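Novice: Below is the structure I would like to discuss, written out as structure tokens.
Number of protein chains: 4
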Amino acid sequence: MPTPDDADPEVEARADVDAVMTPGRLEAFSDAVIAIAITIMVLELKIPDEATLDALRPLVPVFLSYVLSFVYLGIYWNNHHHLIKRTTEVTGGILWANLHLLFWLSLFPFATAWVGENDFATTPVIVYGVVLLCAAIAFFILQTVIVRHEGPDSPLARALGRDWKGKLSPTLYAAAIGLAFVNRWLAVAVYALVAVMWLVPDRRLERRFATG
Amino acid sequence: MPTPDDADPEVEARADVDAVMTPGRLEAFSDAVIAIAITIMVLELKIPDEATLDALRPLVPVFLSYVLSFVYLGIYWNNHHHLIKRTTEVTGGILWANLHLLFWLSLFPFATAWVGENDFATTPVIVYGVVLLCAAIAFFILQTVIVRHEGPDSPLARALGRDWKGKLSPTLYAAAIGLAFVNRWLAVAVYALVAVMWLVPDRRLERRFATG
Amino acid sequence: MPTPDDADPEVEARADVDAVMTPGRLEAFSDAVIAIAITIMVLELKIPDEATLDALRPLVPVFLSYVLSFVYLGIYWNNHHHLIKRTTEVTGGILWANLHLLFWLSLFPFATAWVGENDFATTPVIVYGVVLLCAAIAFFILQTVIVRHEGPDSPLARALGRDWKGKLSPTLYAAAIGLAFVNRWLAVAVYALVAVMWLVPDRRLERRFATG
Amino acid sequence: MPTPDDADPEVEARADVDAVMTPGRLEAFSDAVIAIAITIMVLELKIPDEATLDALRPLVPVFLSYVLSFVYLGIYWNNHHHLIKRTTEVTGGILWANLHLLFWLSLFPFATAWVGENDFATTPVIVYGVVLLCAAIAFFILQTVIVRHEGPDSPLARALGRDWKGKLSPTLYAAAIGLAFVNRWLAVAVYALVAVMWLVPDRRLERRFATG
Numbered sequence: 003m004p005t006p007d008d009a010d011p012e013v014e015a016r017a018d019v020d021a022v023m024t025p026g027r028l029e030a031f032s033d034a035v036i037a038i039a040i041t042i043m044v045l046e047l048k049i050p051d052e053a054t055l056d057a058l059r060p061l062v063p064v065f066l067s068y069v070l071s072f073v074y075l076g077i078y079w080n081n082h083h084h085l086i087k088r089t090t091e092v093t094g095g096i097l098w099a100n101l102h103l104l105f106w107l108s109l110f111p112f113a114t115a116w117v118g119e120n121d122f123a124t125t126p127v128i129v130y131g132v133v134l135l136c137a138a139i140a141f142f143i144l145q146t147v148i149v150r151h152e153g154p155d156s157p158l159a160r161a162l163g164r165d166w167k168g169k170l171s172p173t174l175y176a177a178a179i180g181l182a183f184v185n186r187w188l189a190v191a192v193y194a195l196v197a198v199m200w201l202v203p204d205r206r207l208e209r210r211f212a213t214g
Numbered sequence: 003m004p005t006p007d008d009a010d011p012e013v014e015a016r017a018d019v020d021a022v023m024t025p026g027r028l029e030a031f032s033d034a035v036i037a038i039a040i041t042i043m044v045l046e047l048k049i050p051d052e053a054t055l056d057a058l059r060p061l062v063p064v065f066l067s068y069v070l071s072f073v074y075l076g077i078y079w080n081n082h083h084h085l086i087k088r089t090t091e092v093t094g095g096i097l098w099a100n101l102h103l104l105f106w107l108s109l110f111p112f113a114t115a116w117v118g119e120n121d122f123a124t125t126p127v128i129v130y131g132v133v134l135l136c137a138a139i140a141f142f143i144l145q146t147v148i149v150r151h152e153g154p155d156s157p158l159a160r161a162l163g164r165d166w167k168g169k170l171s172p173t174l175y176a177a178a179i180g181l182a183f184v185n186r187w188l189a190v191a192v193y194a195l196v197a198v199m200w201l202v203p204d205r206r207l208e209r210r211f212a213t214g
Numbered sequence: 003m004p005t006p007d008d009a010d011p012e013v014e015a016r017a018d019v020d021a022v023m024t025p026g027r028l029e030a031f032s033d034a035v036i037a038i039a040i041t042i043m044v045l046e047l048k049i050p051d052e053a054t055l056d057a058l059r060p061l062v063p064v065f066l067s068y069v070l071s072f073v074y075l076g077i078y079w080n081n082h083h084h085l086i087k088r089t090t091e092v093t094g095g096i097l098w099a100n101l102h103l104l105f106w107l108s109l110f111p112f113a114t115a116w117v118g119e120n121d122f123a124t125t126p127v128i129v130y131g132v133v134l135l136c137a138a139i140a141f142f143i144l145q146t147v148i149v150r151h152e153g154p155d156s157p158l159a160r161a162l163g164r165d166w167k168g169k170l171s172p173t174l175y176a177a178a179i180g181l182a183f184v185n186r187w188l189a190v191a192v193y194a195l196v197a198v199m200w201l202v203p204d205r206r207l208e209r210r211f212a213t214g
Numbered sequence: 003m004p005t006p007d008d009a010d011p012e013v014e015a016r017a018d019v020d021a022v023m024t025p026g027r028l029e030a031f032s033d034a035v036i037a038i039a040i041t042i043m044v045l046e047l048k049i050p051d052e053a054t055l056d057a058l059r060p061l062v063p064v065f066l067s068y069v070l071s072f073v074y075l076g077i078y079w080n081n082h083h084h085l086i087k088r089t090t091e092v093t094g095g096i097l098w099a100n101l102h103l104l105f106w107l108s109l110f111p112f113a114t115a116w117v118g119e120n121d122f123a124t125t126p127v128i129v130y131g132v133v134l135l136c137a138a139i140a141f142f143i144l145q146t147v148i149v150r151h152e153g154p155d156s157p158l159a160r161a162l163g164r165d166w167k168g169k170l171s172p173t174l175y176a177a178a179i180g181l182a183f184v185n186r187w188l189a190v191a192v193y194a195l196v197a198v199m200w201l202v203p204d205r206r207l208e209r210r211f212a213t214g
């Protein structure tokens, strides 16, 4: 594995501004992981033993949780694309912040299946929220590491603006986890609400990327 | 996650004509999802417990439904490619119409396995038809959103022509679902017929794309 | 789905020489399917219930069949690459000949697991051979369709030469299937032998591609 | 399958310096296999039967082994990228050395699940170490084959330097396997330690690649 052992201290001081990979390479790998996660979730839709509509009924919550997670992974794919296309260099820190995000996204199939197979019971709903929260924090860390590298006047920093959705989302997930102890459906409603919030287009952002 | 909170109403009015992603990126992600869906279907071919030809016999319907779904996913991959290569811009609406299509395609492994494991029983055959119908409608929506964006005189709109196959297919799926209540094999025959209809090449279309 | 209904007969006559997709696109999709098939095979390596070396023992044949199939899929990936990089156009016929090959390659995980879980019993060994044979025939069909399209003086046709490996392989698979009725290990030996035959490099071919 | 049968002995002598594939193609395929391996590991996280936190408790070791393997596959993805981006030609030997590495990486989901489901019992911990060791040796072989092809004064050879991490890692895995017979947690600690060693950035290497 490629590594020199003769480190130059002077170089080390500015090494975190150095690229280790092209953004395109990082994005292709991330797209592959997200495409796999979004597709293998269907393997958790267990085939019913009987060939009746009744046998499908227990799958309804599994299906609903599948839809929710599919939408979330679609949102992450979209947001990740927006982030990386304004990224000019991938440092080691960015690479690992990105893998950290992929780690939490890879847990979606598990959390989704557990929620679905237990009719949105309280504990799985909380665990699902924790995965959502960790993924949102991981996205925020990735974004922060990239913005710090790109600089406050970079196109990315300007395109992000105040980033109210990015800041509101983890707050809402945390609130939803708390609400789940009162009523699990409140938590589920918040999860769905945040997804809808991301689905409503930020038209101005789209324009900026299009004209930028 | 990248989002400005200072929306410009004037911009919003024309924002739906703005690009959020290159068509190449959208196609690569869609290709990955289709490649995964087409390949993981084989995981539903449960390994027989015994090492005899008799033990393979219950797998015959599973195998046949696998072949049918493999061909269908191949057709969608091909048609999707034709559609996207004439797409010049990906708006937020196109992105989500595309994910909506991928959602229904991702259900092929489930519907295929249920049909196969129940010897093409009526209810699974109907559910399979519903998935086919929803995928066809999703493709039609995606195509409509793109054509509206590209304009009526765009190369895509002209290449599509009257699109009789695209309009006939959902009609036939709906008819097949109705026929399944009479005889499930009629429905299966229609599903196979529509696949054959798509397999027969539209030579003129190929020529247009090749010379265009 | 894109299809005009106003076909031009004059055009139809020469339509089969028209491209529907770039070779790069076809290869990327095929690579994805092969990468998935080669990787999900490991899901058939069932986790032993106990944490002892004895519990691993029943996995030995599964592991051996996994190694054999891994090598075969690697060979197909390599040969497919050689074929497509000399392909200048993808017609509808080439596209479907390619999907036909991918279909048989997608059955490798199933055949591999069945052979492995039954200690290379006769019937699974025969079925494995049938999958090998069908994949080899599918490759031959794909190659023939492409060569016919490229022409007898094309770089591909010249690079192929007499293609003795491509012709010998299906013959040997067929022979191995027959031999399995006598002794299943003879069949397995032939399968391994053909793989080794492909592993030994065709140095001249490599040179031609490198200098061509 | 493409093969000439008229080999030229003179050509054969220098044939091992010839390219069979572009490094980009090799890397895309490897990235796909690693992305699949890193994502399907989550399928080994079996969904608990009950919807309680207690039901999650047996998953804790599975989760920990998942984290460790996720990090390892991330390290291999990163190191593989560094290696291939300094590779100018892919010979048949490099192609098969690369597939050999992918083979061992594809066993990570199996080894991870077995370790996790048995609370890091001694035998699975040893087997996990064997997979780590074989992957490290496979990486070393791949690197050696490429360096031999690129030459001792190539940018790759210079970037590798003395490669102390690459040489130390297999030694530590072998030691850990021995230590597992004394105490399995010692082995696990060494596995984690080696991962941390790779995570700490080689800043000078990053700089070289960035400025090179």
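Protein chains in written order, with our numbering: chain A, 3 to 214; chain B, 3 to 214; chain C, 3 to 214; chain D, 3 to 214. C-beta atoms are modelled at their ideal positions from N, C-alpha and C, and glycine is treated no differently. If you're wondering where the values come from, they're calculated on a predicted model, not measured in any experiment.
Give the residues of chain B in contact with residue 53 (chain A), contact being defined as C-beta atoms less than 8 Å apart.
Specialist: Within the first sequence, the letter at position 51 stands for residue 53 (chain A). Simply 116, 120, 123, 124, 125, 126.
Novice: For residue 156 (chain D), decide whether its Cβ has a neighbour in chain C, counting only Cβ atoms nearer than 8 Å.
Specialist: In the fourth sequence, residue 156 (chain D) corresponds to position 154, counting from 1. No, no contact with chain C.
Novice: Decide yes or no for the touch test of the region 27-39 of chain B against the region 29-42 of chain A: beta carbon pairs closer than 8 Å, at least 3 of them.
Specialist: With a cut-off of 8 Å, the region 29-42 of chain A and the region 27-39 of chain B count as touching, because enough Cβ pairs lie within range.
Novice: So, with DSSP's three-state summary, where would you put residue 92 (chain B)?
Specialist: Position 90 of the second sequence, counting from 1, holds the residue named residue 92 (chain B). If DSSP states are grouped into helix, strand and coil, residue 92 (chain B) belongs with the strands.
Novice: Going along chain B in order, which residues have a C-beta closer than 7 Å to the C-beta of residue 134 (chain A)?
Specialist: Sequence index remark: in the first sequence, residue 134 (chain A) carries index 132 (1-based). Within 7 Å Cβ-Cβ: nothing; residue 134 (chain A) doesn't reach chain B, min ~13 Å.
Novice: Taking the Cβ atom as the reference point for each residue, do residue 110 (chain A) and residue 135 (chain A) lie within a distance shorter than 8 Å?
Specialist: As a working note, residue 110 (chain A) is residue 108 in the first sequence. As a working note, residue 135 (chain A) is residue 133 in the first sequence. No. Outside cutoff.
Novice: I'd like to check one pair, residue 201 (chain D) with residue 145 (chain D): are the Cβ atoms closer than 8 Å?
Specialist: Taking the fourth sequence and counting its residues from 1, the one referred to as residue 145 (chain D) is at position 143. Taking the fourth sequence and counting its residues from 1, the one referred to as residue 201 (chain D) is at position 199. Contact flag unset, no.
Novice: If I measure Cβ to Cβ from residue 228 (chain A) and keep anything under 8 Å in the same chain, skipping five residues before and after, which residues do I get?
Specialist: For chain A, the structure presents residues 3 to 214; residue 228 (chain A) sits outside this window and is missing.
Novice: Let me check understanding here. Comparing Cα to Cα, which of D:25, D:91, D:106 lies closest to residue 152 (chain D)?
Specialist: In the fourth sequence, residue 152 (chain D) corresponds to position 150, counting from 1. Cα-wise, what sits closest to residue 152 (chain D) is D:91.
Novice: Taking DSSP's pairing of strands, which residues face residue 199 (chain C) in a bridge?
Specialist: For the purposes of this step, residue 199 (chain C) is taken as residue 197 along the third sequence, with counting starting at 1. DSSP, once it has assigned bridges, lists no residue as partnering residue 199 (chain C).
Novice: For residue 127 (chain B) and residue 171 (chain B), what's the separation of their Cα atoms in angstroms?
Specialist: Within the second sequence, numbered from 1, the residue matching residue 127 (chain B) stands at position 125. Within the second sequence, numbered from 1, the residue matching residue 171 (chain B) stands at position 169. Cα to Cα, the separation comes out at about 17 Å.
Novice: Is it true that the CB of residue 143 (chain D) sits closer than 8 Å to the CB of residue 102 (chain D)?
Specialist: Residue numbering aside, residue 102 (chain D) sits at position 100 when the fourth sequence is read from its first letter. Residue numbering aside, residue 143 (chain D) sits at position 141 when the fourth sequence is read from its first letter. Yes; because the gap between Cβ atoms is below 8 Å, this pair is in contact.
Novice: In the DSSP output, which residue or residues are listed as bridge partners for residue 23 (chain B)?
Specialist: The residue given as residue 23 (chain B) occupies position 21 in the second sequence. Answer is B:92.
Novice: Residue 23 (chain B) and residue 97 (chain B) - do their beta-carbons sit closer together than 8 Å?
Specialist: Translated into positions along the second sequence, residue 97 (chain B) becomes position 95. Translated into positions along the second sequence, residue 23 (chain B) becomes position 21. Yes, they are a contact pair.
Novice: Do residue 99 (chain B) and residue 33 (chain A) have their CB atoms nearer than 8 Å?
Specialist: Here the question's residue 99 (chain B) lines up with position 97 in the second sequence. Here the question's residue 33 (chain A) lines up with position 31 in the first sequence. Cβ distance not < 8 Å, so residue 99 (chain B) and residue 33 (chain A) don't count as in contact.
Novice: So, is residue 165 (chain B) buried or exposed, given that buried needs 16 or more other C-beta atoms within 10 angstroms?
Specialist: Counting from one through the second sequence, the residue named residue 165 (chain B) turns up at place 163. Counting Cβ neighbours within 10 Å, residue 165 (chain B) comes out buried, since at least 16 surround it.
Novice: Residues in the region 32-45 of chain B with C-beta within 9 Å of chain C's C-beta atoms, listed in sequence order?
Specialist: Cβ contacts with chain C: 33, 34, 36, 37, 38, 40, 41, 42, 43, 44, 45.
Novice: Just to confirm my understanding: we take residue 181 (chain D), look at its own chain, exclude 5 residues before and 5 after, and list those with CB closer than 7 Å. What are they?
Specialist: Position 179 of the fourth sequence, counting from 1, holds the residue named residue 181 (chain D). If we look at residue 181 (chain D) and ignore the five residues flanking it on each side, its Cβ neighbours are 188, 189, 192.
Novice: Confirm, please, whether the CB-CB distance from residue 122 (chain C) to residue 81 (chain C) is below 8 Å.
Specialist: Numbered from 1 along the third sequence, position 79 holds the residue referred to as residue 81 (chain C). Numbered from 1 along the third sequence, position 120 holds the residue referred to as residue 122 (chain C). No, these two residues do not count as a Cβ contact at 8 Å.
Novice: Determine, for residue 214 (chain A), whether the minimum Cβ-Cβ distance to residues of chain B falls below 8 Å.
Specialist: Sequence index remark: in the first sequence, residue 214 (chain A) carries index 212 (1-based). Confidence is the limiting factor: at residue 214 (chain A) the pLDDT is only 45, short of 50, which leaves the residue's position unreliable, though a coordinate-based value still follows. Chain B, which has no Cβ nearer than 8 Å to the Cβ of residue 214 (chain A), makes this no.
Novice: Just verifying my parser: in three-state terms, what is the DSSP assignment at residue 4 (chain C)?
Specialist: To locate residue 4 (chain C), count along the third sequence from 1; it is residue 2. Its pLDDT being 38, under 50, residue 4 (chain C) is placed unreliably in this model, and the coordinates cannot settle the point.
Novice: Going by the beta-carbon positions, is the gap between residue 57 (chain A) and residue 50 (chain A) smaller than 8 Å?
Specialist: Mapped onto the first sequence, residue 57 (chain A) falls at position 55. Mapped onto the first sequence, residue 50 (chain A) falls at position 48. Yes; because the gap between Cβ atoms is below 8 Å, this pair is in contact.
Novice: List the residues of chain A whose Cβ lies closer than 9 Å to the Cβ of residue 72 (chain D), in chain order.
Specialist: Looking up residue 72 (chain D) in the fourth sequence gives position 70. Within chain A, the residues near residue 72 (chain D) are 101, 104, 105, 108.
Novice: So what's residue 143 (chain A) in DSSP terms, helix, strand or just coil?
Specialist: On the first sequence, position 141 is the one that residue 143 (chain A) refers to. In the structure shown, residue 143 (chain A) sits in a helix (DSSP, three-state: H, G or I).
Novice: For a cutoff of 8 Å on Cβ pairs, would you count residue 188 (chain B) as touching chain A?
Specialist: Locating residue 188 (chain B) in the second sequence gives position 186, counting from the first residue. Not one chain A Cβ lies under 8 Å of residue 188 (chain B).
Novice: Using a Cβ-Cβ cutoff of less than 7 Å, which residues in the same chain neighbour residue 138 (chain B) once the five nearest sequence positions on both sides are dropped?
Specialist: By one-based count along the second sequence, residue 138 (chain B) stands at place 136. Cβ neighbours of residue 138 (chain B) beyond the five flanking positions: 171, 172, 175.
Novice: The region 137-149 of chain A: which residues have C-beta closer than 9 Å to a C-beta of chain G, in chain order?
Specialist: In the structure shown, chain G cannot be found, because the protein chains are A, B, C and D.
Novice: Chain D beta carbons: is any one of them nearer than 8 Å to that of residue 195 (chain A)?
Specialist: For the purposes of this step, residue 195 (chain A) is taken as residue 193 along the first sequence, with counting starting at 1. False, the Cβ-Cβ gap to chain D never drops below 8 Å.
Novice: Does chain C have any CB closer than 8 Å to the CB of residue 27 (chain D)?
Specialist: Here residue 27 (chain D) refers to the residue found at position 25 when the fourth sequence is read from its first residue. Chain C contact via Cβ: present.
Novice: What does residue 75 (chain A) reach in chain D if we use C-beta pairs closer than 8 Å?
Specialist: Counting from one through the first sequence, the residue named residue 75 (chain A) turns up at place 73. Those do not exist, as residue 75 (chain A) stays about 12 Å from chain D at its closest Cβ, beyond 8 Å.
Novice: If residue 149 (chain D) sits next to residue 159 (chain D), beta carbons under 8 Å apart, how far is it from one beta carbon to the other, in whole angstroms?
Specialist: Here residue 149 (chain D) corresponds to residue number 147 of the fourth sequence, with the count starting at 1. Here residue 159 (chain D) corresponds to residue number 157 of the fourth sequence, with the count starting at 1. At roughly 5 Å, the Cβ-Cβ gap stays under 8 Å, so residue 149 (chain D) and residue 159 (chain D) are in contact.
Novice: Alpha carbon to alpha carbon, what distance is there between residue 60 (chain C) and residue 179 (chain D)?
Specialist: Taking the fourth sequence and counting its residues from 1, one reaches residue 179 (chain D) at position 177. Taking the third sequence and counting its residues from 1, one reaches residue 60 (chain C) at position 58. Between residue 179 (chain D) and residue 60 (chain C), the C-alpha separation is close to 23 Å.
Novice: Pop quiz: residue 54 (chain D) and residue 54 (chain A) are said to be a contact at Cβ under 8 Å. What is the actual Cβ separation, rounded to whole angstroms?
Specialist: Position 52 of the fourth sequence, counted from the start, is the residue given in the question as residue 54 (chain D). Position 52 of the first sequence, counted from the start, is the residue given in the question as residue 54 (chain A). That pair is no contact at about 30 Å.
Novice: Starting from the beta carbon of residue 111 (chain B), find every residue of chain C whose beta carbon is closer than 8 Å, and list them in chain order.
Specialist: Translated into positions along the second sequence, residue 111 (chain B) becomes position 109. In chain order: nothing, as chain C lies at least about 12 Å away.
Novice: Do you know whose CA, among D:27, D:65, D:89, lies nearest residue 147 (chain D)'s CA?
Specialist: In the fourth sequence, counting from the first residue as 1, residue 147 (chain D) sits at position 145. It is D:89.
Novice: Using only the alpha-carbon positions, how far apart do residue 167 (chain A) and residue 25 (chain B) sit?
Specialist: Mapped onto the first sequence, residue 167 (chain A) falls at position 165. Mapped onto the second sequence, residue 25 (chain B) falls at position 23. Roughly 26 Å between the two C-alpha positions.
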